[in-house]
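2 is the number of the first residue of the sequence shown in our numbering; add one for each residue after it.
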Amino acid sequence: MSNYYLYAMKYVLLIILLVCSISKAQIDSLDQNEFKDPVHLREVPRHNFIIDLGVTQPYGDFKDVSRSGLNLGAEYAYYFNNKIGLGVNLRHQYNEFGYLDFRNDGITAVTDNSYTNTSLAVGPAFSYTKNRFQLDVFAKAGVAFLNNPENNISQTGIGNSMPFTSDNENSSTSSLYIEGGLRFNYYFRRSVQVFFSPQFNTTLGDPLSYSYREENATTVIQPTINKEINISNLLFNVGVKIAIGKEYSNGEKRIDD
Numbered sequence: 002m003s004n005y006y007l008y009a010m011k012y013v014l015l016i017i018l019l020v021c022s023i024s025k026a027q028i029d030s031l032d033q034n035e036f037k038d039p040v041h042l043r044e045v046p047r048h049n050f051i052i053d054l055g056v057t058q059p060y061g062d063f064k065d066v067s068r069s070g071l072n073l074g075a076e077y078a079y080y081f082n083n084k085i086g087l088g089v090n091l092r093h094q095y096n097e098f099g100y101l102d103f104r105n106d107g108i109t110a111v112t113d114n115s116y117t118n119t120s121l122a123v124g125p126a127f128s129y130t131k132n133r134f135q136l137d138v139f140a141k142a143g144v145a146f147l148n149n150p151e152n153n154i155s156q157t158g159i160g161n162s163m164p165f166t167s168d169n170e171n172s173s174t175s176s177l178y179i180e181g182g183l184r185f186n187y188y189f190r191r192s193v194q195v196f197f198s199p200q201f202n203t204t205l206g207d208p209l210s211y212s213y214r215e216e217n218a219t220t221v222i223q224p225t226i227n228k229e230i231n232i233s234n235l236l237f238n239v240g241v242k243i244a245i246g247k248e249y250s251n252g253e254k255r256i257d258d
């Protein structure tokens, strides 16, 4: 009788251990699947296409000779993990010409040729992801191709005859270029984020040159002053960030079903 009792106890213990093992496996499976956030809420897509556009606002000395304009950019971004990525960006932007407060009137003629700037830059991005929100901090360096058109202001009557004129001979058609900014992303769909992005960019080496005369109300013509400046802008953009493919930064694949 005692041998039968021991045999039964061993059999029951074996069943209990088997049930516990199956239960633990099921719980682990649920933890990894049903109770785990979808991959697009935890990770960053490995490959991304980014397009943005918005207002270009001149900054620093550049705002003395220009007004606001528009810009359009396109970027490919690759993420090594959910914290660090690398982006290659192409951007075209323009600013309207505008020297101080001069405007066309009966005695003043002002040109209206816009400054344009096409840049190619590459650099890192640092990201933080929280559910549907993602913050990118990025910086890039590259080259800008510049179009500094002929602009001038001429006056008739008393005072300066030529308050402003472009100095294209001493201006450059290209320069080194840097940009940086933030992207505040929100997942609109599993593979699409929409964002707002304040940015700053500038040329290096003072590639824009012009000549001007100080304003005066006398018949004495002031001497010409030559000035060289950088083309600097603040950008306020909106855009979309689209995942290319289903692979994410940790190697997982997005499930769209």
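We treat Cβ as the ideally placed atom computed from N, Cα and C, and that holds for glycine. Here the structure is a predicted model, which is why all the values come from computation and not from measurement.
Rounded straight-line distance, which links the Cα of PRO224 to that of VAL195: Position 194 of the sequence shown, counting from 1, holds the residue named residue 195. Position 223 of the sequence shown, counting from 1, holds the residue named residue 224. Roughly 52 Å between the two C-alpha positions.
Start-end ranges of the beta strand (DSSP E) lying completely within the stretch 134–191, minimum 3 residues: 134–148, 153–156, 165–167 and 175–190
Proximity below 8 Å, CB of LEU91 to CB of GLY74: What you label residue 91 is simply residue 90 of the sequence shown in a count that begins at 1. What you label residue 74 is simply residue 73 of the sequence shown in a count that begins at 1. Yes, these two residues count as a Cβ contact at 8 Å.
Whole-number beta carbon distance between PHE98 and ASN152, since they are thought to touch under 8 Å: Here the question's residue 152 lines up with position 151 in the sequence shown. Here the question's residue 98 lines up with position 97 in the sequence shown. About 5 Å; that satisfies the 8 Å criterion.
For ASN238: DSSP bridge partner residues: Taking the sequence shown and counting its residues from 1, one reaches residue 238 at position 237. DSSP, once it has assigned bridges, lists GLY55 and SER198 as partnering ASN238.
Bridge-paired residues (DSSP) for PHE63: Here residue 63 refers to the residue found at position 62 when the sequence shown is read from its first residue. According to DSSP, which records beta bridges pairwise, PHE63 is partnered with nothing at all.
N- and C-terminal bounds of the beta strand (DSSP E) containing SER250: Indexing the sequence shown from 1 puts residue 250 at position 249. It is not in any beta strand (DSSP E) - SER250 carries neither H nor E in the DSSP assignment.
DSSP three-state assignment for LEU42, whether helix, strand or coil: For the purposes of this step, residue 42 is taken as residue 41 along the sequence shown, with counting starting at 1. Helix at LEU42.
C-alpha gap between THR57 and THR166, whole angstroms: By 1-based counting over the sequence shown, the position of residue 57 is 56. By 1-based counting over the sequence shown, the position of residue 166 is 165. Straight-line Cα distance between these residues: approximately 23 Å.
Beta-carbon proximity list for GLN261, same chain, < 6 Å, skipping 5 on both sides: In this structure the chain extends from 2 to 258, so residue 261 is not present and cannot be described.
is_contact[VAL89, chain C] using C-beta, thresh 8 Å: In the structure shown, chain C does not exist; there is a single protein chain.
TYR80 versus ASN231: straight-line alpha-carbon distance, rounded: Within the sequence shown, numbered from 1, the residue matching residue 80 stands at position 79. Within the sequence shown, numbered from 1, the residue matching residue 231 stands at position 230. Answer to the nearest angstrom: the Cα atoms are 32 Å apart.
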